[in-house]
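**Student:** Sharing a structure with you now.
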Amino acid sequence: MKKITTNSFAILAFVATFIFATFSANANQTRENVVKRGSLNCGVSQGVPGFSNADASGKWTGIDVDVCRAIAAAVLGDATKVKYTPLSAKDRFEVLKAGDIDVLARNTTWTLSRDGGLALEFPATNFYDGQGFMIRKAANINSAKKLNNVKVCVETGTTTELNLRDYFKANKLKYEPVAFTKADEAVAAYDAGRCDVYTTDKSGLAANRTKTKNPADHIILPETISKEPLGPVVRGNDENWANIVRWTLNVMIEAEEYGITQANIDSLKTTEDPAIKRLLGLEGETGKNLSLGNTWSYNIIKQVGNYGESYEANVGPKTPVGLARGLNASWRKGGILYAPPVR
Amino acid sequence: MFLTSQFKTTLKKNLQPLNLLPQVFLILLIIYIVYFFSKNTEINLDSRNLNFGFDFLSNNAGFDIQFSLINYDGSSSYAKSYLVGLLNTLLVAFFGIIFATILGFIVGISRLSTNWMLNKLSLIYVELFRNLPLILQIFFWYFVVIRSLPSTEKSVIILNFLIINLQGFYIPKFIFSNFVFIFYGLILALAVTFFLRYYATKVFYESAKVIPVFKIFLLLVIIFPIIFALLGDVKITIEYPKLVKNFGIFNYLGGVKLVPEFLALLFSLSLYTSAFIAENVRAGILAISKGQKEASKSLGFNNSQTLKLIVIPQALRVIIPPTTNQYLNLTKNSSLAAAIGYPDLTGVFAGTALSQTGKAIEIIFIVMMTYLTISLIISIILNWYNKKIALVER
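Line by line, the protein sequences are chains L and A.
By the numbering used here, the letter at position 46 of the first sequence is numbered 109, and the numbering carries on one by one without gaps.
By the numbering used here, the letter at position 89 of the second sequence is numbered 135, and the numbering carries on one by one without gaps.
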């Protein structure tokens with residue numbers, strides 16, 4: 064009898080724990096959770112040089128990594144308080160939806176079905192890209208129109224995979240996709256000769272060419288077959304958090320417009336220009352609208368820099384990736400970066 | 047009768063009040079846990095504005111698949127991409143099971159050989175292939191063996207029949223016209239054999255004469271289709287793979303192409319599983335006591351009759367149940383295909399389709415149910431076979 068009572072009590076206690084526990088993920092609380100935790104969980108790629116890539120010591124750098132750092136600077140006041148989670152293209156959205164990361168900054172294309180259908184929100188674009196093809200010089204092909212009966216290495220679960228089909232279908236050309244779950248595997252397969260062509264966003268082609276055995280043996284074909292606006296992604300049920308991510312990026316873009324850099328920001332504290340004063344947190348209460356302190360924008364520029372600085376340091380012409388500004392220049396300089404006013 | 051009375055006793059014991067209490071609790075607990083998790087899922091789906099449903103299956107998939115047994119392209123539906131994945135899984139599992147069984151029997155019998163070298167070689171085979179993690183073996187075949195093959199323009203060509211290169215293995219394709227006549231021939235051969243077997247059993251019991259049914263069957267299976275083919279004007283055209291050059295890119299077109307991902311997966315699954323089957327075979331043969339063979343000899347059976355009528359039927363009873371497990375393992379292990387990009391059910395449907403639609407719960411549910419169904423079907427077939435060859439107690 065005694066044994067049975069103990070058992071029953073144990074079971075009752077177990078049931079009770081279930082009744083009182085709730086596993087439901089909290090909506091609209093990402094900012095509170097980040098502040099409570101004291102660090103930002105950021106989903107990044109498994110290694111795309113210039114965008115998000117870890118060096119030998121495990122330090123992450125890249126233009127996408129800078130988005131994570133800027134958000135941490137805005138919310139926590141410290142750009143170093145970021146925990147990076149490398150994700151494959153296939154897993155990225157599920158991990159974000161499950162709440163394991165606060166923001167996904169992983170060269171992700173903003174599309175209608177993802178924005179509307181996946182319960183996600185794309186607050187902004189931090190890189191305007193387009194899909195292209197990389198091919199061996201020995202193939203003697205200089206235009207994507209001449210690709211026929213080719214084997215194409217591609218990363219699965221991407222818009223790349225869908226554009227690839229659209230392109231070959233529209234041009235009545237034949238191809239065979241060889242799909243891998245990791246970008247690295249697709250590049251390695253292409254490099255080994257399993258495929259004749261490797262396709263991804265052009266920025267990714269430039270970045271991944273540096274990973275081939277002999278980068279000089281490969282060329283990127285001139286055609287751009289798609290629009291790929293890449294940007295950070297958040298869950299669709301937290302407007303405050305989406306705003307924080309959107310305006311963090313806008314601050315970086317606007318800082319470049321006004322010529323505020325990491326180096327000169329402190330010397331600009333005496334300026335009379337109201338727009339600059341607002342970005343420095345000296346005038347108005349910009350942070351209040353985002354439930355952040357008023358130094359949020361100052362912290363972003365001081366700790367991470369403006370958009371141009373981040374671009375030049377990670378993917379600009381002087382880096383191994385070597386991408387010209389192109390579309391990603393400020394609208395004042397012929398590009399399409401145009402941030403709504405921070406006020 | 048025996049079973050029912052035992053069941054009644056158990057039931058009586060189970061229904062005693064003192065025993066009843068924890069059992070009721072356990073059942074309530076299980077119901078509660080199931081309820082809790084489904085409710086939790088529902089709340090979380092709602093809070094993220096995700097709707098649950100299978101409507102997406104009829105939408106256009108939009109992506110192409112490298113290797114498909116049916117006519118599929120990106121304008122087909124997600125349901126069809128599921129079918130492509132399922133067939134690719136079944137294909138590799140089917141051939142994997144056949145190769146693993148053949149290899150397993152050869153190696154298992156060699157393990158018992160009195161020839162020292164054969165014995166030791168098969169020992170090394172078994173210990174090597176069953177003790178290395180399967181995923182490493184897959185990687186070995188794919189990244190080490192296949193990746194070191196020559197490029198397309200430098201293909202290895204064997205007897206103008208098999209073409210081997212880094213992008214795949216190519217063999218000629220046989221195209222039959224009026225193929226259905228060959229099929230009729232096969233059916234007739236099977237029908238004749240069926241009646242012959244019935245007759246042979248009768249003859250054996252009446253006059254102890256043995257009619258070699260199996261040998262006749264082999265003969266018929268070859269002769270009948272050939273006769274029918276000649277009568278029905280069956281023609282065979284052979285389509286050889288042709289090397290095509292487009293600028294600097296070489297390509298074999300036509301023929302039958304086996305993609306490297308499929309081959310690497312097939313090799314590794316077959317070799318890995320065959321090592322386990324070999325041990326089952328060895329165990330099965332060793333389980334037959336020496337007395338059985340001696341009794342058989344003393345009754346006047348010769349060596350091959352002893353093996354065929356006494357040893358193998360009894361050994362199979364020991365071999366089949368654990369081998370069923372190996373078949374199930376092979377089928378489930380084929381889902382490791384995703385690691386090397388072979389488009390199987392897991393890769394195509396739980397991988398690509400899932401990330402394109404975001405329907406994680408629905409897709410994982412479908413895929414789990416599919417593997418469960420495949421496994422249960424394999425179990426049912428082998429359990430039926432096992433029952434058929436089981437010792438009949440009279």
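By construction, the Cβ of each residue, glycine as well, lies at the ideal position given by its N, Cα and C atoms.
Could you confirm whether any beta carbon from chain L is found closer than 7 Å to the beta carbon of Q62/A?
**Tutor:** Taking Cβ atoms only, chain L never reaches closer than 7 Å to Q62/A, which makes this a no.
**Student:** Considering only the alpha carbon of each residue, which of N271/L, K265/L and R228/L lies closest to P285/L?
**Tutor:** K265/L
**Student:** Reducing DSSP to helix, strand and coil, say where D229/L ends up.
**Tutor:** helix
**Student:** Closer than 6 Å by C-beta to Y407/L: which residues in its own chain qualify, once you throw out the five before and the five after it? Chain order, please.
**Tutor:** There is simply no residue 407/L to check, as chain L begins at 64 and stops at 406 in what is shown.
**Student:** DSSP three-state call for I79/A: helix, strand or coil?
**Tutor:** Helix.
**Student:** Tell me the rounded alpha-carbon separation between F189/A and G154/A.
**Tutor:** Taking the straight line from one Cα to the other gives about 29 Å.
**Student:** To the nearest angstrom, how far is the alpha carbon of E335/L from that of I323/L?
**Tutor:** 14 Å
**Student:** Taking just the CA atoms, how far does L232/A sit from I257/A?
**Tutor:** Cα to Cα, the separation comes out at about 21 Å.
**Student:** Would you tell me roughly how many angstroms separate the C-alpha atoms of L167/A and F241/A, rounded to the nearest one?
**Tutor:** Taking the Cα positions, L167/A is about 44 Å away from F241/A.
**Student:** Quick check: the region 97-112 of chain L against the region 344-358 of chain L, are at least 3 beta-carbon pairs closer than 8 Å?
**Tutor:** At 8 Å Cβ cutoff, the stretches do not touch.
**Student:** How far does the alpha helix (DSSP H) with D254/L in it extend, from its first residue to its last?
**Tutor:** A246 to A255 is the span of the alpha helix (DSSP H), which, as asked, contains D254/L.
**Student:** Just reading off the beta strand (DSSP E) that R298/L is part of, what are its end residues?
**Tutor:** E291 to R298
**Student:** Closer than 8 Å by beta-carbon distance: list the chain A residues that pair up with L236/L, in chain order.
**Tutor:** Neighbours of L236/L on chain A: none; closest Cβ ~10 Å, over 8 Å.
**Student:** In this structure, how does DSSP classify N96/L when only helix, strand and coil are distinguished?
**Tutor:** helix
**Student:** Considering just the uninterrupted stretch of the alpha helix (DSSP H) at R328/A, what are its terminal residues?
**Tutor:** P306 to L332
**Student:** Leaving out five residues before and five after E224/L in sequence, what residues of the same chain have Cβ atoms less than 6 Å from its Cβ?
**Tutor:** V217
**Student:** Between which two residues does the beta strand (DSSP E) carrying E218/L extend?
**Tutor:** V213 to E218
**Student:** In chain order, what residues of the same chain lie with their CB nearer than 7 Å to the CB of A387/L, ignoring the 5 residues before and after it?
**Tutor:** P380
**Student:** Closer than 8 Å by beta-carbon distance: list the chain A residues that pair up with P240/L, in chain order.
**Tutor:** F109, D110, I111 and Q112
**Student:** Please classify N277/L: does DSSP put it in a helix, a strand, or coil?
**Tutor:** coil
**Student:** For a contact defined as C-beta to C-beta under 7 Å, what are the partners of A406/A on chain L?
**Tutor:** E157
**Student:** Anything in chain A within Cβ reach of K209/L, meaning under 8 Å, just list it in chain order.
**Tutor:** N292 and F293
**Student:** Could you tell me if R395/L is buried or exposed, where buried requires 16 or more neighbouring beta carbons within 10 angstroms of its beta carbon?
**Tutor:** exposed
**Student:** Please determine if the region 353-373 of chain A and the region 91-109 of chain A are in contact, where contact requires at least 3 C-beta pairs separated by less than 8 Å.
**Tutor:** no
**Student:** Taking Cβ positions, are P240/L and D119/A nearer each other than 7 Å?
**Tutor:** no
**Student:** Going by alpha carbons, who is nearest to S127/A out of I76/A, V413/A, N429/A and A254/A?
**Tutor:** V413/A
**Student:** For a contact meaning CB atoms closer than 7 Å, what does R228/L contact in chain A?
**Tutor:** G108, F109, D110 and G120
**Student:** Along chain L, in chain order, which residues have C-beta atoms closer than 8 Å to that of Q183/A?
**Tutor:** The contacting residues do not exist; Q183/A stays about 17 Å from chain L at best.
**Student:** My guess is that N234/L and N292/A are in contact by the Cβ rule of under 8 Å, so how many angstroms apart are they, rounded?
**Tutor:** At roughly 14 Å, the Cβ-Cβ gap does not stay under 8 Å, so N234/L and N292/A are not in contact.
**Student:** Can you give the beta carbon distance from T287/L to P383/L, rounded, assuming they're within the 8 Å contact cut?
**Tutor:** Between P383/L and T287/L the Cβ distance is about 21 Å, and since that is not below 8 Å, they are no contact.
**Student:** Taking the beta strand (DSSP E) that I116/A falls in, what are its first and last residues?
**Tutor:** It is not in any beta strand (DSSP E) - I116/A carries neither H nor E in the DSSP assignment.
**Student:** When you compare only the Cα positions, how much space is there between A161/L and V130/L?
**Tutor:** 21 Å
**Student:** Could you name the residues that DSSP lists as bridge partners for G106/L?
**Tutor:** T148/L and L167/L
**Student:** Chain A beta carbons: is any one of them nearer than 7 Å to that of G397/L?
**Tutor:** no
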